[in-house]
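Student: Residue numbers (the working numbering), protein chains in the order written: chain A, 1 to 283; chain B, 1001 to 1270.
C-beta atoms are modelled at their ideal positions from N, C-alpha and C, and glycine is treated no differently.
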Amino acid sequence: MRRAEVELIMKKRSKFEKAITSITFWRGVVALVGFVVVWEFCSKYVPMWTGVELLWIGKVPPPSEVLDAWKEVFFLPGYWESWYLSTGRVFAGFIAAQILGIPFGLALAVNRYFRDIFFPPFEILRPIPPLAWVPASIIFWPTTEMSIAFVTFLGAFFTIVINVLGGARTIDVRYLRAAQSMGASQWNLFSRIILPGTLPSIFTGAAVGMGITWEVVLAGEMISGGGGQQASGGLGFFIWSSYMGGTVATVIVGMISIGIAGYLSSSLIRFIGDRSMPWRRLF
Amino acid sequence: MSEANLELKNISKGFGEVWAREEIISNFSLSVNPGELTVMVGPSGCGKSTLVNLIAGFDDPDEEIITIDGEKIDGPGHDRMVVFQETALIPWQTTLENVTFGPKLRGGSKSKVEHQGRILLDKVGLSEFKDKYPIQLSGGMQRRAELARAMINDPLVMIMDEPFRGLDAMSRELMQQFFVTLFEENHRTNLFVTSEIEEAIFLADKLIILSNRPTSVRKVIEIKLPRPRKFEMLSSSEAYDYKREAMELLHEEAMKSFSHKESKLAKASL
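(1) Show which residues of chain B have a CB atom less than 9 Å away from the CB atom of residue 97/A.
(2) Leaving aside the five residues before and after residue 219/A along the sequence, list all residues of the same chain whose C-beta is less than 7 Å from its C-beta, in chain order.
(3) Listing by chain order, which chain B residues have their CB less than 7 Å from the CB of residue 183/A?
(4) Quick check on the burial criterion: 16 or more other C-beta atoms within 10 angstroms. Buried or exposed for residue 1115/B?
(5) Can you check which of these residues, 1216/B, 1237/B, 1240/B, is closest to residue 1029/B by C-alpha distance?
(6) At the level of alpha carbons, what is the spacing between residue 217/A and residue 172/A?
(7) In its own chain, which residues sit with a C-beta less than 6 Å from the C-beta of residue 285/A, not counting the 5 before and 5 after it?
(8) How far does the alpha helix (DSSP H) with residue 171/A in it reach, from first residue to last?
(9) Among the residues of its own chain, which have a CB less than 6 Å from the CB of residue 163/A, if the five just before and after it don't count?
(10) Scan the stretch 188 to 201 of chain A for residues whose Cβ lies nearer than 9 Å to a Cβ of chain B and list them as they occur along the chain.
(11) Count the other CB atoms within 10 Å of the CB of residue 230/A; is the residue buried (16 or more) or exposed (fewer)?
(12) For the beta strand (DSSP E) that contains residue 1317/B, what are its first and last residues?
(13) Which residues of chain A have a Cβ atom closer than 7 Å to the Cβ of residue 1081/B, listed in chain order?
(14) Unbroken alpha helix (DSSP H) runs of length 4 or more, entirely within the stretch 58 to 139 of chain A: which are they?
(15) In the structure shown, what three-state DSSP assignment does residue 1015/B receive?
(16) Assign residue 231/A to one of three DSSP states: helix, strand, or coil.
(17) Counting contacts by CB-CB distance shorter than 9 Å, is residue 1149/B in contact with chain C?
(18) Give the DSSP-derived three-state secondary structure of residue 1232/B in the structure shown.
(19) With a CB to CB cut of under 6 Å and the five nearest residues on each side skipped, what residues in its chain are close to residue 300/A?
(20) Along the stretch 161 to 177 of chain A, where does the CB come closer than 8 Å to a CB of chain B? Name the residues.
(21) Return the chain-ordered list of same chain residues with a C-beta closer than 7 Å to the C-beta of residue 262/A, the five sequence neighbours on each side being excluded.
(22) What span of residues does the alpha helix (DSSP H) with residue 1180/B cover, start to end?
(23) Please report the Cβ distance between residue 1159/B and residue 1082/B, rounded to the nearest whole angstrom; I am assuming they are in contact, meaning their Cβ atoms lie under 8 Å.
(24) Determine the burial state of residue 61/A: buried for a count of at least 16 other Cβ atoms within 10 Å of its Cβ, exposed for fewer.
(25) Please report the straight-line C-alpha distance between residue 1214/B and residue 1020/B, rounded to a whole angstrom.
(26) Considering only residues of the same chain and omitting the five flanking positions on each side of residue 281/A, which have a CB-CB separation below 7 Å?
(27) Listing by chain order, which chain A residues have their CB less than 7 Å from the CB of residue 1153/B?
(28) Which residues in chain A sit within 9 Å of residue 1088/B, going by Cβ to Cβ distance?
(29) Report the three-state DSSP secondary structure of residue 194/A (helix, strand or coil).
(30) Spell out whether any CB of chain B is found under 9 Å from the CB atom of residue 26/A.
(31) Taking the continuous beta strand (DSSP E) assigned at residue 1221/B, which residues delimit it?
(32) Going by DSSP in three states, residue 264/A sits in which element: helix, strand or coil?
(33) From the beta carbon of residue 1058/B, is the nearest beta carbon of chain A less than 9 Å away?
(34) Within 10 angstroms of the Cβ of residue 1126/B, are there 16 or more other Cβ atoms? Answer buried if so, exposed if not.
(35) Going by the CB atoms, is the gap between residue 1095/B and residue 1139/B shorter than 9 Å?
(36) Which residues in chain A have a C-beta closer than 9 Å to the C-beta of residue 1084/B? List them in chain order.
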């Protein structure tokens, strides 16, 4: 009886409530606040009181200044447009990479002929860093926007494929054998064993791939965005133009924005991952 | 209950290319009588698992054939269910989904199959855990779920490949008791592989002592302890004699492998 009651109370409290009352949450808050305080102290008060500018951190504007710069850009449509443009590019590249990468990785894993033919060229292309594709990509594709999208896609594609392939190849053979002896067809083996068995690796690949697409988009925007035309804008360009014509504080605003955007994107992937793999979030 | 006669005739299996072939199983013959619990014991690494893979149809023998009720086996099939070493429950299926997986694959009606699944889970004492995932179950519960998953397919032969390995002593004993009761209830033809002699004697109608590699049958011992089996029987003088005989044979086989290795080493050092 008593146990059931406790369980009921536990269920009544929402997930959100549980999260903000947990010690983990408050440790995180303390860590972030502590970080900002130390930063403010080292960059502003140490030089003010002692007259000594600390190495590196002394050149960085303190959080209070960054906050002021943020307030300034916060109400400018240009800032939010940068968010919108970069996010759009990241997701376009990322989703394209998932759509092509997951089936490609699975095909490599399950079909020997497919693997023999496509794995060698894949392995030669894979080590080429996405940014090395930028010049060639600008030449190949008619618009700058397309070339950024392509480079972004490449950034995630290779990681996704390698993860899917690795995940599918390491599925315990006993699951396949058990299914086989119970009468599973080839399609059953694929849909009931290989696909769910690869899901954890698909999400690992997605999380890493998401990080890479943000890196690549930002770099792509810095390289090509300065050229104006259709492809201007984006957080990468925001940082670049703040560096060229604005203040260091605005550059840091851009950097932190990217940090937040990246965190939100990977949280989204973790969330979807948790939903689609109930057997993994038990302990 | 279904009864079957599993027959292995002069089975051989080796691995590697012709010029560097290693025979794992050679000239192996065995018949498992209907309704009997046949237990195989052998020194570790003697090819027990290879033998299980052949019978289950995961692998093909090089020579001769394996038959069930006179019919040659061809690939895996649900007439022979294997309960694997450690657990092979599918991690992304709940206990009930795992148990009903086979019949559902073969197109059984969902409600009927699930009803049957619930009955079996009840029998193995897991009804409360039907919606749990395998990692939420203890080792012993996982093994019982696996037994249920095998039984629902109503196989002609159950093949157990060291099914209780990795369990702690306590759960192991409970599982042995549970398993033997289950067997005595339905007398389903069973081939049980183990490396524990006491377990073997406790369970078996017939004890097969395997030789060292290449594996063949060293000796067949009929275990004439009465059924239903009780753990106390293991301390009877009869059981003691079986144990001593088995131990001696296994020791001889183990020493063979030892001296074989030593002679190889000696050759290598020359």
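Tutor: Checking against the coordinates, here is how it stands:
(1) Near residue 97/A there are no residues of chain B at all, since even the closest Cβ is about 24 Å away, more than 9 Å.
(2) If we look at residue 219/A and ignore the five residues flanking it on each side, its Cβ neighbours are 131, 236.
(3) Residues of chain B with a Cβ closer than 7 Å to the Cβ of residue 183/A are, in chain order, 1078, 1102, 1105, 1106.
(4) Flag for residue 1115/B reads exposed.
(5) The candidate whose alpha carbon is nearest that of residue 1029/B is 1216/B.
(6) If I take the Cα positions, the gap works out to 37 Å.
(7) The structure shown does not extend to residue 285/A, since chain A is modelled only from 1 through 283, so no value can be given for it.
(8) From DSSP, residue 171/A is part of no alpha helix (DSSP H); its letter is neither H nor E.
(9) Here the set comprises 201, 204, 205.
(10) Per Cβ criterion, the list reads 188, 192, 193, 196, 197, 199.
(11) Confidence at residue 230/A is low in this model, with a pLDDT of 42, below 50, so its placement is unreliable and the value that follows should be read with caution. Exposed: under 16 other Cβ atoms inside 10 Å.
(12) Because residue 1317/B is not part of the residues shown, which for chain B are 1001 to 1270, the question remains open.
(13) Ordered by position in chain A, the residues that pass the 7 Å Cβ test against residue 1081/B are 181.
(14) Whole alpha helix (DSSP H) segments, 4+ residues: 63 to 74, 77 to 110, 112 to 125.
(15) Strand.
(16) Model confidence at residue 231/A stands at a pLDDT of 43, short of 50, so the residue's coordinates are unreliable; what they give is reported in the following sentence. If DSSP states are grouped into helix, strand and coil, residue 231/A belongs with coil.
(17) Among the protein chains of the structure shown, namely A and B, there is no chain C.
(18) Residue 1232/B falls in the helix class under three-state DSSP.
(19) In the structure as shown, chain A begins at 1 and stops at 283. Residue 300/A is therefore absent and cannot be evaluated.
(20) Here the close residues are 172, 174, 175, 177.
(21) Excluding five sequence positions before and after residue 262/A, the CB atoms of its chain that fall closer than 7 Å to its own CB belong to 211, 214, given in chain order.
(22) For residue 1180/B, the uninterrupted alpha helix (DSSP H) segment begins and ends at 1169 to 1186.
(23) About 5 Å; that satisfies the 8 Å criterion.
(24) Residue 61/A is buried by the Cβ-count criterion.
(25) If you draw a straight line from the Cα of residue 1214/B to the Cα of residue 1020/B, it comes to about 15 Å.
(26) Counting only Cβ-Cβ distances below 7 Å, and skipping sequence neighbours, we find 274.
(27) Going along chain A in sequence order, the residues near residue 1153/B (Cβ under 7 Å) are 182.
(28) Going along chain A in sequence order, the residues near residue 1088/B (Cβ under 9 Å) are 172, 174, 175, 177, 178.
(29) If DSSP states are grouped into helix, strand and coil, residue 194/A belongs with the helices.
(30) Chain B contact via Cβ: absent.
(31) Residues 1217 to 1222.
(32) Looking at residue 264/A - three-state DSSP - the assignment turns out to be helix.
(33) Yes, contact with chain A.
(34) Looking at its Cβ environment, which holds 16 or more other Cβ atoms inside 10 Å, residue 1126/B is buried.
(35) Not a contact, by the Cβ cut-off of 9 Å.
(36) Identification of chain A residues near residue 1084/B by a Cβ-Cβ cut-off of 9 Å yields 174, 177, 178, ordered along the chain.
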